[in-house]
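Here's the structure we're looking at; comments come further down.
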Amino acid sequence: MSPTPPARRLRLGMPRRMFSQLLLMQLAIAAGVVVLATGLFLAPLSNQLDDQAMRRALAIAQTTAAVPQIAEDLQRSRPTVGGPVQREAERIRKASGAEYVVVMDLNGIRWSHKDPAQVGGHVSTDPRQALSGRDVMEIDSGTLGRSARGKVPLRDDRGRIVGAVSVGIEYDSVRARLIHAIPGLFAYAGGALAVGALAAWIISRRVQRQTRDLAFSDISALLAEREAMLHGIREGVVALDRAGRVRLLNDEAQRLLGIGDEAVGGLPDEVLGEGRTADVLAGRVTGTDLIAVRGQRVLVVNRMPTDDGGAVATLRDRTELEQLGRELDSTHGLIDALRAQDHEHANRMHTLLGLLELEMYDDAVEFVGEVVGDHRATAEQVTEKIGDPLLAALLVGKATVAAERGVALWVSDRTRLPDRLVDPRGLVTVVGNLVDNALDAVASKPHARVEVELRTEGRTAVLRVRDTGPGIPAEQHELIFTEGWSTKKPPAHGKRGIGLSLVHRLAERQGGSATVGEAAGGGAEFTVVLPEALTEPGPQPGPPGPRPGSEPAMAAPATGAAEEGP
């Protein structure tokens, strides 16, 4: 036999769902407010009804004491059941609806009473305050039970106190009025409670829809998970509210954008400054996988609107990938150049072999000298004008690639750049991007030519790259430096429109500028000015002299080709 499943225990306590908890809390608050308001209303109502009854009794007593005939009859007659004072008091009692109207003399003897048997007897409560000339209001018990009373002195026509008048209002009637008011009060309280319960239910249902019927513990866990996820992932996350202000930044977004927590609450233009990055975050530029440049970082931005009118943008650092992609493009170009060079080298070997087989040795030597001399002349031309080895090597390599692509790459005769660069790698990036763009612009053009000019003005480096391509229209001179803008098809590894933007950012970062214009012979001319690009010139050491006893160094031959033989 299978074991009997354990019986489920009834769990008492607060429900788990936030909707139920919120509804119960609101109902409890509404009920508590209604009970408190009812109690606060009933407490003064009882006192108010007592005060009204005492004031009514006092008013009747004052009205009775104001009748001059009563004071005269009190002085001329005796306290009898059928006397004039008894008749007048009973008339007033019946007319006013009072519990009793008692007229007493200075000795506290009743001259009137609702019960005729009490006429001539002494009053049951102390009459001294009224007989001393003061008006009295009180709740007290007498021969007719508990009542609200009013006592006033009775004066003759000369103002002398000759007795007192005591009027009582039945206290049961006061209590009856209070009890009679309670059902109506409870009805109003019940109506208010019903309205409060309905409002609580509506609010709870709205909260239930907005919170997806989650429990408080679930929301707390989600918040903890969100914080861990946002600050743990390697993608930047920027959340904006419906007004377009930043309301959330994770650690990676702060690192990629170069901002801190002080950016929360600000607009993208205020936090980042004007530019494509701010335009993408603000939604002025739409699309997927948008390229933006922030400082030296290449970012891929995606912006997704949210249901509350805001948006969430994700940022991915594509700097290294973009560098790898550009290096891959350069490698492909170099491979194509090497392939073409290999084909050309084979042709030259065949030519050389033919000259040797024809025993034309002098022509073979001359042919080899020309081939080797061309390459050496190019390298020497570059290194004589450019002292930085990185930049010189770049231009030599670009010249080789340009030659294989049928483009003449020239270094201007005005070029002079000493080996005192502050940021050689930055200038290599600038020159490499501009030369690559120029080579692409003049590709497949007849008599294609690219000229590079690098000169210095004090510590300022001025770079100009000219080409004989189609040029840049004047209306696009500003757009060409915008991230993502390009007239060429994107490469296999990603998108274009980054190289010139990086050039512009690097120039601005050093306080310089990058502009484009029209070259003298047609085509485009890019000019980059980099202030403070060179270090202060120091003392230049002279060539070391020969050490004592050493032989002088032999001069190198003009060309290596002249010394080689078949």
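Number 376 in the working numbering belongs to position 386 of the sequence shown; there are no gaps in the numbering.
C-beta atoms are modelled at their ideal positions from N, C-alpha and C, and glycine is treated no differently.
- DSSP places V236 within a strand segment (E or B) once states are collapsed to three.
- Three or more Cβ pairs drawn from the stretch 445 to 455 and the stretch 412 to 425 lie within less than 8 angstroms of each other, which places the two stretches in contact.
- Separation of Q244 and T304 (C-alpha to C-alpha, rounded to the nearest whole angstrom) is 12 angstroms.
- In the DSSP assignment, F516 is bridged to V455 and V506.
- Beta-bridge pairing by DSSP links W400 to E441.
- Shortest Cα-Cα distance from P295 to any of A233, T450, G110 and R81 involves A233.
- DSSP, reduced to helix, strand and coil, places I151 within a strand of the structure shown.
- Residue burial annotation: G255 is exposed, with fewer than 16 other C-beta atoms found within 10 angstroms of its C-beta.
- In terms of Cα proximity to K375, the closest of E349, R406, K388 and V397 is R406.
- 9 angstroms or more divides the Cβ of G153 from the Cβ of V109.
- At the C-beta level, A451 and A393 stay beyond 9 angstroms of one another.
- Per the C-alpha coordinates, the member of V57, P117 and A184 positioned closest to V23 is A184.
- Boundaries cannot be given for N97, as no alpha helix (DSSP H) includes it and DSSP labels it neither H nor E.
- Around the beta carbon of N97, a 10 Å sphere encloses fewer than 16 other beta carbons of the protein chains shown; the residue is thus reported as exposed.
- The residues L345, in chain order, have a CB closer than 8 angstroms to that of D353 in the same chain once the five nearest residues on each side in sequence are set aside.
- Ranked by Cα distance from L247, the options R284, L238 and S156 are led by R284.
- Assigned with DSSP and collapsed to three states, M350 falls in coil, not helix or strand.
- Within the DSSP bridge table, the entry for L12 names no partner.
- Rounded to whole angstroms, P521 and G501 show a C-alpha spacing of 6 angstroms.
- The criterion of a C-beta distance shorter than 9 angstroms is not satisfied by H437 and F471.
- Straight-line measurement puts the Cα of E160 at about 9 angstroms from the Cα of Y90.
- For I376, there is no enclosing beta strand (DSSP E), as DSSP gives it neither H nor E.
- In summary, E349 is exposed, with fewer than 16 beta-carbon neighbours lying within 10 Å of its beta-carbon over all protein chains present.
- Going by DSSP, A120 is part of the alpha helix (DSSP H) stretching over R118 to L121.
- Note on geometry: alpha-carbon atoms of G250 and N240 lie some 10 angstroms from one another.
- Per DSSP, R77 is one residue of the alpha helix (DSSP H) stretching across P74 to S86.
- Secondary structure of D241 (DSSP, three-state): helix.
- A straight-line Cα-Cα distance of about 16 angstroms links A504 and G265.
- Taking 8 angstroms as the upper bound for CB-CB distance, V92 and A120 are not in contact here, some 11 angstroms apart.
- The beta-carbon distance between A514 and A431, rounded to whole angstroms, is 7 angstroms. This is short enough to meet the 8 angstroms contact definition.
- Partner residues in a beta bridge of Y178, as assigned by DSSP, do not exist.
- At the C-beta level, D95 and T115 stay beyond 9 angstroms of one another.
- By the neighbour-count criterion, in which a residue is buried when 16 or more other Cβ atoms sit within 10 angstroms of its Cβ, Q38 is exposed.
- A straight-line Cα-Cα distance of about 47 angstroms links E465 and N337.
- In this chain, the alpha helix (DSSP H) harbouring G416 covers P414 to V432.
- In this structure, the straight-line span from the alpha carbon of L411 to that of R237 is close to 43 angstroms.
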